[in-house]
Amino acid sequence: MPFKSTYPPINIPENVDLWTLLFSDGSPYKREFPPTKEILTCPVTGQSYTWSALRDAALAFGNGLAEKWQWKKGDVLAFYTPNSIDTPIITLGALFTGATISPSNPLYTPHELAFQLSDSNAKALITHPSCLSTAVEAAAKSGLPLDRILLLGPEKSHPKFQHYTSLSLPPLTNTNHHPVPISPRNDLAFLVYSSGTTGLPKGVPITHFNTLSNLLQASATEGRQFPWATSVQLAILPFFHIYGLTCCVLLSILSGWRLVILPRFDMVQVLKAIEQYKVTFMYVPPPVILAFSQHPDVGKYDLGSLRVLHSGAAPLGGELIKRVWERVKVPVKQGYGLSETNAVVCCQEVGDWERKMGSVGRLMPNMEGMLVGEDGREVTEVGGEGELWLRGPNVFGGYWKKEGQEGVFGGDERGGKGWFKTGDVVRVDGEGNFWVVERVKELIKYNGYPVPPAELEGTLLTHPDVLDACVIGIEDKSLATEVPRAYVVLRDGIPRTPAKSEELVNHVAKLVAPHKKLRGGVHFVDQVPKSPSGKVLRRIMREQAKKDARQSGSKL
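Here the sequence shown is numbered in the working numbering, starting from 7 and rising by one per residue.
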C-alpha cells in the first residue's frame, strides 16, 4: 500500500501565488518579523536589503518590466549568472508581473545556453559582466535581440548594455495587486532544466502552487526549527538550481532569516563568513561536507555559531558524517529531493542526525510515496528496497513541451494514477525514514546482483589515503557482466602505484558483500567530475573509460 507522510497534514491554499505569499498583506503565512528585518547580505559587495527594501526593489523592477517592456503573463525571463544579491530582486519582480523565471548554469557554454534560451522561448536574459561574452554569443545563436540582455551586479555603467535597474519604475502606490491575475495551479513560476545526465537537458515546469506548497511544507518541518531573530543562513547553493532558489532564497524571505550570499563556493570564504556573520545553518552539497572534514583551514576560524549542516543532492555515508562531527562538532543531517518535486521530498530532523545517521528523513507533509520493485510490483515489507514513486502538491505535472514524457508517471495496482517515478531506489524503515540507495539507471548489475555505486564510493572514502571517489560499471566480456570500477583521487603526497590500487581494492573487499568487489580495479584521477549541485557525473567517467579502452585496444 502507498504510505503517507508521518507529519500532520497542512493547509495549502490553491488561490495564492508566490508574491502574495511572501509580500502581500493578505498572505496566509503570518509574518512574525518586522519589515525592517535584514534579509539579504552580500559580503563581497557590501550590499544588504531589509524585507521591505527587497519588496520595494522587486516591485519597482516588475513594474518597469510591465510598463517599459510590456511584459505579459507567461513571458520567460532567463538568467545566467553566479549567485548575486540581485537575483532575488529580479526573480520576485518578474514573478510579480506573471512572468516565468528560467535560470541557467553560469558554467554553460554558448551552445548550451543557446539551447535553453531557444527551448524556453526566453524573451530576455539577465547576466553578470563576467558571463557577458558567452551570453552575447548564445543570444546570437538563439535569435534573442541584444537589447534584451540586461546586466546585474554592483557596477551599473556599461558602454553597450543596460543594468537591470534602468528598467525599475517605482509604482505610484505601493500595491499588492498583480498587473494580471495569477492562476497558481496553472501559471508557471519557474522553468528549470534538468542536468541532462541522460541526454539534452529537459525543461521542468514548476507552477506557483508547486513552489508555494514546498515552501509551506518546508516551513512546517524545517523552518520552525530556526527562529527568525537569531537564524543566519549562508548561501552557496547555486540559485540557478531549484534547491538553492527554494531553500536559500524563498524560504529565507518567508521565514525572516538573514541570508548571506556568496557568489561561488570557496572554503576559506565560507569559513570567514561563518565567523563574521555568526552563521547558524547551511544547505550544502556533499563536496562541502567533505571540505569540512578535510580542509586544513577549518580549525583557524570560530565556527561556534554553526548549529547544523544540511546536505542534499547526493547521499552521504555515515563515516563522513562522523568525521565532520569529530572535527567541528556540528551535526550533519540530510534531505532528498528533485527538480521535478520543486526540491524537497524528505528532510531529516536535526535531532535524528545521529540516531538515523545516513537517512534523508521523512516525507514532507501532504505527500505520499510507494516503492516499486524490478518486477513492477509494490514493495510492501518494511525495510524493502524499490524505486520511489511520489505524489504531492509540490510534484510537477510533466516535462516542458512533453519531451521525454514516456514512463515518467505510472499507476498503482488499485487504479490510482499520477505517480511520479523518481528513478531512485530507496528503503523506508518502520518510522517512515528514507534511505537513498541509488539511482535506478546508475545501479551496476554484477551477474544480476545490484551494486550501488554510491555505497562503494562511501566505502572508499573510509580509507585514509582517499580524498574523493567515483564508481562506475564497465562491461567485462570475459565474465559477460558489468563489474564495478573506481576512479580515485588520492591525498597529496600519496603515490599512484599498482600496489596502492590493489590496497584499495582489498580495502573495499573486506567491507562489502562479494558481488560488490571492485572487479574493474581502481584507477587514479586528478578530480571527480561533479555538477554544480554536487552530484557525481558518472556519465563523464563512463565516457573516459570507453576512451581509455579504445586507446588500449580493448572494448567496453
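C-beta: ideal position from N, C-alpha, C; glycine also. Quantities reported herein were computed from a predicted structural model and do not represent experimental measurements.
- Counting along the chain, no alpha helix (DSSP H) covers F85; the unbroken beta strand (DSSP E) around it starts and ends at V82 to Y86.
- If you keep only unbroken alpha helix (DSSP H) runs of at least 4 residues inside the segment 182-261, you get 214-227 and 257-261.
- In its chain, beyond the 5 residues on either side, no residue has a beta carbon closer than 7 Å to the beta carbon of E509.
- Per the coordinates, the alpha-carbon of L394 lies some 46 Å from the alpha-carbon of E73.
- In the DSSP assignment, D125 falls within the alpha helix (DSSP H) that extends over P116 to S126.
- A distance below 7 Å between beta-carbons, with the five flanking residues on each side excluded, links E444 to the following residues of its chain, in chain order: V431, P458, P459 and A460.
- Between T51 and P160, the C-beta gap is smaller than 8 Å, which places the two residues in contact.
- Beta-bridge annotation (DSSP): S507 is not paired with any residue.
- Counted as a single uninterrupted DSSP element, the stretch harbouring F440 is not any alpha helix (DSSP H) but the beta strand (DSSP E) occupying residues F440 to R445.
- Here the C-alpha atom of I107 lies approximately 16 Å from the C-alpha atom of A349.
- Counting C-beta pairs with one atom in each stretch, the segment 235-254 and the segment 78-93 have three or more that are closer than 8 Å, which means they touch.
- Counting the other Cβ atoms within 10 Å of the Cβ of N111 gives 16 or more, which makes it buried.
- Annotation: L251 to K506 spans about 42 Å, alpha carbon to alpha carbon.
- Taken in chain order, the complete beta strand (DSSP E) segments of 3 residues or longer contained in the segment 476-558 are 487-496 and 528-530.
- DSSP places D92 within a helical segment (H, G or I) once states are collapsed to three.
- Counting only unbroken stretches of 3 or more residues, the beta strand (DSSP E) elements lying wholly within the segment 336-381 are 338-344, 349-353 and 374-378, in sequence order.
- DSSP places P160 outside both helix and strand once states are collapsed to three, so it counts as coil.
- With a cutoff of 8 Å on beta-carbon distance, K339 and V314 are scored as near each other.
- When DSSP states are grouped into helix, strand and coil, S299 belongs to the helix group.
- By alpha-carbon distance to A519, the top candidate from K552, A475 and L462 is L462.
- Taking each of I45, F196, F29 and W25 in turn and checking the Cα distance to P109, the smallest one comes out for F196.
- Around the beta carbon of A100, 16 or more other beta carbons sit within 10 angstroms, so the residue counts as buried.
- When DSSP states are grouped into helix, strand and coil, I16 belongs to the coil group.
- Straight through space, the alpha carbons of W406 and I155 are spaced by roughly 24 Å.
- Residue environment: L222 is assigned as buried (16 or more neighbouring CB atoms within 10 Å of its CB, all protein chains considered).
- Taking a contact as a CB-CB distance under 8 Å, the pair N127 and V82 counts as one, their CB atoms being some 6 Å apart.
- Comparing alpha-carbon positions, the option among G375, F39 and V255 lying closest to A235 turns out to be F39.
- Leaving aside the five residues that flank V511 on each side, the residues in its chain whose CB is nearer than 6 Å to its CB run, in chain order, L524 and V528.
- P116 and D125 have their C-alpha atoms roughly 14 Å apart.
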